[in-house]
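Since the structure comes first, as structure tokens, the remarks are kept for the end.
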DNA sequence: TCAAAATCTGACCGATCGGTCAATTAGCCT
DNA sequence: AGGCTAATTGACCGATCGGTCAGATTTTGA
């Protein structure tokens with residue numbers, strides 16, 4: 254049975270992702286949750302605190318992923334890199350709305366602690382893949398992979414007609430493998446898995 | 254010699270990209286341009302009109318690119334596809350701020366004509382690449398390419414230390430070629446061009 | 001020169017924002 | 001039943017938002 258606070262978190266997540274943090278008023282969230290604006294501010298002392306409550310679960314899980322795999326296991330040719338990528342894609346799919354908020358609104362949400370914490374973690378992942386190298390193309394590949402995945406997941410103009418999550422997961426895994434593979438693309442090996450084509 | 258209207262367009266473009274359309278007040282733009290808020294509204298009858306004036310040049314140029322190359326020339330294996338990609342990357346680089354605004358804030362700027370026009374064009378480009386196929390993986394590749402490029406160009410958390418535009422252009426061209434190639438990745442063929450690595 | 005046109009500004013407007021607070025209602029424990 | 005706490009609410013606050021307007025200033029052109 255969902256509590257009022259749960260409802261507010263759910264509604265706020267949707268609204269923040271769809272209309273943006275700045276474009277969403279506490280009144281809107283209150284209306285869609287069926288409570289008054291004062292009630293929202295009773296459960297969450299400020300709009301910023303509400304944002305933090307909305308985004309923290311995703312960040313915590315990301316922390317867990319980074320901790321489990323560990324820096325050492327992510328050498329350039331290491332096997333655990335594939336494992337990391339798989340967990341990472343699953344994370345992106347599960348927390349797609351939160352990821353979308355992070356990636357698309359991070360620049361306009363400076364000085365908000367939870368957003369800066371997210372930026373720090375993105376930078377940490379970035380260092381995983383760059384390691385000692387850090388050529389321009391490596392940076393570009395990583396940036397495109399991260400930003401592109403987030404952009405896609407939110408169902409932007411380029412829409413996914415059917416939210417076939419299984420096929421989406423497979424495709425995303427292939428594409429990211431290509432982008433982040435240190436030398437040889439691995440796309441052809443795991444070509445089709447989902448829908449018939 | 255830049256006119257006041259030019260200054261306002263320039264400042265507004267920077268602010269809209271950095272803090273978001275909703276996160277930028279007319280007062281901020283006026284201050285940074287060294288004029289009063291009323292002057293802003295004298296040159297541009299509303300904030301929405303200012304946004305349109307800021308984004309239109311990029312959209313017009315995109316129109317030109319799409320018109321020149323033409324739909325017919327963009328068959329799956331067609332040669333003009335590379336040519337299109339090159340023009341497209343140059344377009345992304347020249348209008349990086351405008352592209353960033355489009356991609357990152359399109360969902361929160363509904364009912365604004367210039368943004369809907371941009372969405373229509375993005376969908377048009379999408380259809381170029383999908384053509385008859387449109388498998389899930391093709392869609393994912395396109396979405397990642399477009400969103401990823403835009404995300405990267407705005408200098409998000411994963412920063413480009415030196416804005417070496419030449420190297421950036423080459424790298425971006427390679428990555429997008431990989432992503433949008435119908436079958437065989439072409440990364441290795443045009444590996445390095447810019448900085449020494 | 002001088003009036004007409006273009007440009008710029010401060011004062012002001014209604015609306016909405018995030019947030020506070022006292023008062024009311026609902027649930028819980030003994 | 002009765003008291004205690006949690007939950008909810010409407011009224012209200014100062015600040016800021018986009019936008020209007022009358023008037024001052026500058027530029028232009030015949």
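Residue numbers (my numbering), protein chains in the order written: chain P, 254 to 450; chain A, 254 to 450. Where a beta carbon is used, it is the ideal one built from N, C-alpha and C, also for glycine.
Buried or exposed (CB count within 10 angstroms, at least 16 for buried), residue i
i                     : result
residue 295 (chain A) : exposed
residue 426 (chain P) : buried
residue 363 (chain P) : exposed
residue 397 (chain A) : buried
residue 313 (chain A) : exposed
residue 399 (chain P) : buried
residue 259 (chain A) : exposed
residue 261 (chain A) : buried
residue 317 (chain A) : exposed
residue 320 (chain P) : exposed
residue 268 (chain P) : buried
residue 402 (chain A) : buried
residue 273 (chain P) : buried
residue 291 (chain P) : exposed
residue 255 (chain P) : exposed
Among the options, the one whose alpha carbon lies nearest that of residue i
i                     : options                    : result
residue 306 (chain A) : A:293, A:360, A:344        : A:293
residue 393 (chain A) : P:404, P:301, P:393, P:394 : P:404
residue 361 (chain A) : A:262, A:268, A:276, A:254 : A:276
residue 271 (chain P) : A:365, A:262, A:357, A:402 : A:357
residue 389 (chain A) : P:261, P:420, P:339, P:291 : P:420
residue 391 (chain P) : P:433, P:297, P:399, P:359 : P:433
residue 381 (chain P) : P:298, P:335, P:417        : P:335
residue 257 (chain A) : A:359, A:297, A:273        : A:297
Residues near residue i in its chain [Cβ-Cβ closer than 8 Å; skip 5 each side]
i                     : result
residue 308 (chain A) : 351, 354, 355, 367, 368, 371
residue 406 (chain A) : 345, 346, 349, 352, 353
residue 220 (chain P) : For residue 220 (chain P) there is no data in the structure shown, the boundaries of chain P being 254 and 450.
residue 418 (chain A) : 346
Per-residue contacts from residue i into chain P (C-beta, under 8 Å)
i                     : result
residue 421 (chain A) : 389, 393
residue 428 (chain A) : 390, 393, 394, 397, 432
residue 417 (chain A) : 389
residue 368 (chain A) : In chain order: nothing, as chain P lies at least about 10 Å away.
residue 293 (chain A) : Correct list: empty, because the minimum Cβ distance to chain P is about 20 Å.
Contacting residues, own chain, Cβ-Cβ under 7 Å from residue i (five flanking each side not counted)
i                     : result
residue 342 (chain A) : 422, 425, 426, 429
residue 315 (chain A) : 344, 374
residue 379 (chain A) : 395
residue 300 (chain A) : 279
residue 289 (chain A) : 283
residue 377 (chain P) : 319
7 Å Cβ cut-off: residues of chain P touching residue i
i                     : result
residue 350 (chain A) : The premise fails here: residue 350 (chain A) is roughly 11 Å from chain P at the closest Cβ pair, so nothing lies under 7 Å.
residue 402 (chain A) : 397
residue 275 (chain A) : 273, 275, 276
residue 342 (chain A) : By Cβ distance, chain P contributes nothing, its closest Cβ being about 11 Å from residue 342 (chain A), past 7 Å.
residue 288 (chain A) : Ordered by position in chain P, no residue passes the 7 Å Cβ test against residue 288 (chain A), which lies about 24 Å from the chain.
Neighbourhood of residue i by C-beta, 6 Å cutoff - its chain only, sequence neighbours within 5 removed
i                     : result
residue 412 (chain P) : With a pLDDT of only 47 at residue 412 (chain P), under the threshold of 50, the placement of this residue in the model should not be trusted; the figure read from the coordinates follows. Nothing listed; no residue qualifies.
residue 265 (chain P) : 282, 303, 307
residue 285 (chain A) : 264
residue 213 (chain A) : As displayed, chain A neither begins before 254 nor continues past 450, which places residue 213 (chain A) out of reach and without an answer.
Per-residue contacts from residue i into chain A (C-beta, under 8 Å)
i                     : result
residue 407 (chain P) : 360
residue 316 (chain P) : Result: empty, since nearest Cβ-Cβ is about 16 Å, beyond 8 Å.
Closer than 9 Å at the beta carbon, the chain A residues around residue i
i                     : result
residue 424 (chain P) : 388, 389, 390, 391, 392, 393, 394
residue 264 (chain P) : Within 9 Å Cβ-Cβ: nothing; residue 264 (chain P) doesn't reach chain A, min ~16 Å.
Residues that residue i contacts on chain A, provided the C-beta gap is smaller than 7 Å
i                     : result
residue 307 (chain P) : Correct list: empty, because the minimum Cβ distance to chain A is about 16 Å.
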